[in-house]
Amino acid sequence: SIGQMETDYDVLIIGAGLSGIYSIYRMRELGVKARVLEAGSGEGGTWYWNKYPGCRFDSESYSYHFTFSQEVLDEWDWTEHFSPQPETLKYAQFITDKFDLRRDMQFNTKVKTAHWQNDKTQWLLTDSNGKQYSSRFLITAMGILNDPTFPNIPGVEDFKGESFHTSRWPSQWSVEGKRVGIIGTGATAIQIIPEIAKLPLKSLTVFQRTANWAAPLRNTKIEAEEMTELRRRYPEIMKMCSDSPAGFCYAMDTRKTMEVPEAERLAFWEDLYSQRGFAKWFGAFADHLTDREANKAFSDFNAAKIRQRVDDPAVAEKLVPKSHGFGTRRVPLETNYFDVYNKPNVRLVDYTADSPIERVSANGIVLASGEEIELDLIIYATGFDAVTGALLRGIDLRGIDGKTLNDTWEDGVKTYLGLFVKGFPNMAMIMGPHQAFGNIPRSIEFAVDSVGRFIKHCMENGIMRAEATEERVEYWTDHVITNGEGQLSNEIDSWLTGVNHNVKGKTKRFPVRYTGPGPLYRKTVNDVADRGWEDLSLSK
Ligand code: NA7
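Using UniProt numbering, read the sequence shown as starting at 3 and increasing by one per residue.
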């Protein structure tokens with residue numbers, strides 16, 4: 003172990019998802035003594051936990067993969083433009099095996115507490131079995147969507163049938179002959195619904211509180227020849243990702259929506275609609291994310307598409323979002339989603355047009371209208387305590403003087419660069435709040451590289467303790483807030499603005515991510531790293 007400390011490890015990493023996998027790879031490269039502690043029985047994180055039917059990337063596989071290893075890029079073939087979960091899990095396992103990373107990973111180890119010990123200048127972690135581990139540095143890599151939340155509806159415990167959350171899908175399951183209910187219409191539900199509606203279930207009732215602007219995914223298989231061509235284009239694809247504000251392989255069209263002649267505008271949108279993936283979101287006229295009139299026009303175009311696909315006009319109307327414009331929340335991508343509602347055994351219960359859920363009963367779901375919908379299975383597609391959940395609720399995390407992160411962030415989340423928190427020395431967050439994100443693996447790679455530079459700098463310069471300063475934290479937090487002004491998405495409740503009414507204390511919007519362009523974020527962090535992290539309070 004480097005340094006003069008008697009700690010067990012130089013670095014402890016919590017979580018063996020993509021963040022943890024790449025973190026341990028980098029740490030090993032630095033030659034430090036590091037270990038990953040993971041609650042699950044295997045690596046993969048999001049792709050380990052989310053095993054529901056239809057689970058897949060909504061981003062092109064070859065834009066959403068790791069780029070740190072040329073060998074992996076050369077050896078791994080994607081079989082679909084949008085990789086399905088089982089293949090992505092195999093990909094995570096492939097990398098873990100290839101670099102023999104599992105040697106430094108410890109599974110079935112749920113970290114309960116992580117406490118900074120000021121006298122010893124170290125982190126002390128305790129797992130659910132009471133075992134303790136100490137380290138000089140702590141990397142939190144728990145992911146941004148790992149803490150499932152159930153709806154705050156009375157009676158969830160009363161249901162006598164089967165029920166589960168989408169991210170805890172059982173290994174043995176069947177919907178055959180069953181009356182199935184699904185609560186939620188986010189990106190997850192929109193992947194699941196068409197998949198299970200294909201199966202011989204008796205009926206499917208979808209409970210929708212807020213309609214979402216889903217758009218066609220247009221997934222296809224990648225044949226060998228196409229894979230060769232894609233691989234040839236990898237450098238170009240990666241360049242597009244790194245140039246784009248949110249890390250995707252599209253370039254926004256910089257023309258102003260309303261200045262483009264109508265016929266040309268419609269033709270442009272038609273073309274976008276026929277394209278794969280998030281082209282509709284991140285390849286559109288850029289002003290649709292900031293200009294109300296532009297956003298309204300593009301939303302109207304997308305609304306017409308929904309109306310075209312749904313036979314019953316009343317059902318179509320329920321599916322057209324009214325509370326927010328296109329792209330102001332995460333756009334779910336879909337394969338035959340809207341078409342599902344043309345099936346006779348599928349019913350859409352909308353909170354506004356029909357009735358909200360009043361409670362879950364022993365036999366099903368009772369609406370405020372008084373109707374009881376009898377069900378055999380309830381699927382909770384109700385999302386996650388996103389971004390801060392793992393840090394605030396998943397673990398008892400305490401910094402200097404035993405102060406919890408919850409107390410530290412009582413008046414709002416405050417970070418420096420989304421990587422550091424004042425009062426939590428020698429701790430760095432991968433995908434913490436206030437980092438630039440969109441295409442998550444792009445953000446993970448950058449965050450891990452940055453944290454790698456930080457730890458290397460400390461190790462090489464005998465820095466025993468590094469902490470964010472009040473001044474820099476205030477500056478960055480303010481910068482994140484002002485930077486997000488003018489983005490229509492920041493005026494809407496969603497997990498991207500930190501709102502989850504199922505979680506205590508998450509009723510007010512706050513910026514969970516830096517909404518400025520990714521290239522600027524990376525430049526800012528790189529400048530700080532280039533200056534030897536002198537913005538932090540460093541002590542030898
Ligand atoms: P999301 O996107 O947070 O969606 C959760 C859904 O569940 C959404 O439709 C919610 O309605 C609904 N919900 C949540 N709580 C309730 C209650 N109490 N009553 C009724 N309906 C409720 O989670 P996902 O898992 O779909 O996706 C998360 C991310 O994972 C996604 O963005 C991708 O990036 C991958 P609401 O809209 O809040 O009215």
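Ideal placement from N, C-alpha and C gives every residue a C-beta, glycine not left out. Owing to the predicted nature of the structure, the values given are computational and were not obtained by experimental measurement.
- Boundaries around I446 are those of the alpha helix (DSSP H), 442 to 462, since no beta strand (DSSP E) includes it.
- Annotation: the region 86 to 111 contains the following complete segments of the alpha helix (DSSP H) (minimum length 4 residues), in chain order: 87 to 100.
- Exposure of T292 is indicated by the presence of fewer than 16 other C-beta atoms within 10 angstroms of its C-beta.
- Spanning the alpha carbons of Y418 and G285 requires a straight line of approximately 31 angstroms.
- When the alpha-carbon of E473 is set against those of I26, Y236, L538, the nearest one is in L538.
- Distance from the CA atom of V348 to the CA atom of M29, rounded to whole angstroms, is 50 angstroms.
- Excluding five sequence positions before and after A383, the CB atoms of its chain that fall closer than 7 angstroms to its own CB belong to T168, I184, I185, G186, G188, T190, A191, I194, given in chain order.
- Taking a cut-off of 8 angstroms on C-beta distances, the region 145 to 153 does not touch the region 464 to 481, as fewer than three cross pairs fall below it.
- DSSP places H117 within a strand segment (E or B) once states are collapsed to three.
- In the three-state scheme derived from DSSP, where H, G and I count as helix and E and B as strand, M260 is classed as helix.
- In the three-state scheme derived from DSSP, where H, G and I count as helix and E and B as strand, K223 is classed as strand.
- In the DSSP annotation of this structure, I155 is not part of any beta strand (DSSP E), being labelled neither H nor E.
- Taking C-alpha positions only, S136 is separated from D10 by approximately 5 angstroms.
- F303 and W271 have their C-alpha atoms some 8 angstroms from each other.
- Distance from the C-beta of W497 to the nearest heavy atom of the ligand NA7 is below 6 angstroms.
- Per DSSP, A364 lies in no alpha helix (DSSP H) segment and is marked neither H nor E.
- Residue environment for H436: buried (at least 16 other C-beta atoms within 10 angstroms of its C-beta).
- In this structure, the alpha-carbon of K345 lies about 22 angstroms from that of Y54.
- The C-alpha of F166 lies about 11 angstroms from the C-alpha of W175.
- Counting only runs of 4 or more residues that sit fully inside the region 248 to 294, the alpha helix (DSSP H) segments are 264 to 276, 281 to 284, in chain order.
- Sorting W497, C57, N338, H326 by C-alpha distance to the C-alpha of I308 places N338 at the top.
- For F422, the three-state secondary structure derived from DSSP is strand.
- With a threshold of 6 angstroms, the Cβ atom of A392 does not count as near the ligand NA7, since no heavy atom of the ligand is closer than that.
- Counting other Cβ atoms within 10 Å of its Cβ, L522 stays below 16 and is therefore classed as exposed.
- Inter-segment contact for the region 360 to 370 and the region 221 to 233 is absent: fewer than three beta-carbon pairs are separated by less than 8 angstroms.
- For L538, the shortest C-beta to heavy atom distance toward the ligand NA7 is 6 angstroms or greater.
- For P521, the CB stays at least 6 angstroms from every heavy atom of the ligand NA7.
- Annotated as distal: V527 and R511, with beta-carbon spacing of 7 angstroms or more.
- Within 6 angstroms of the C-beta of L321 there is not a single heavy atom belonging to the ligand NA7.
- Within the same chain, Cβ atoms closer than 7 angstroms to the Cβ of P334 are found at G188, A189, I192, N214, A216, the five residues on either side in sequence being excluded.
- Shown here for L379: same chain residues with a beta carbon closer than 8 angstroms to its own, the five before and five after excluded, namely G163, E164, S165, V177, K180, R181, V182, G183 in chain order.
- If the five residues before and after N504 are omitted, its C-beta is found closer than 7 angstroms to the C-beta atoms of T151, F152, P153, N154, T384, all from its own chain and listed in chain order.
- Within 6 angstroms of the C-beta of N504 there is at least one heavy atom belonging to the ligand NA7.
- The closest heavy atom of the ligand NA7 lies 6 angstroms or more from the beta carbon of N344.
- Here G132 is exposed, its C-beta having fewer than 16 other C-beta atoms within 10 Å.
- Relative to the ligand NA7, T509 has its C-beta separated by 6 angstroms or more from all heavy atoms.
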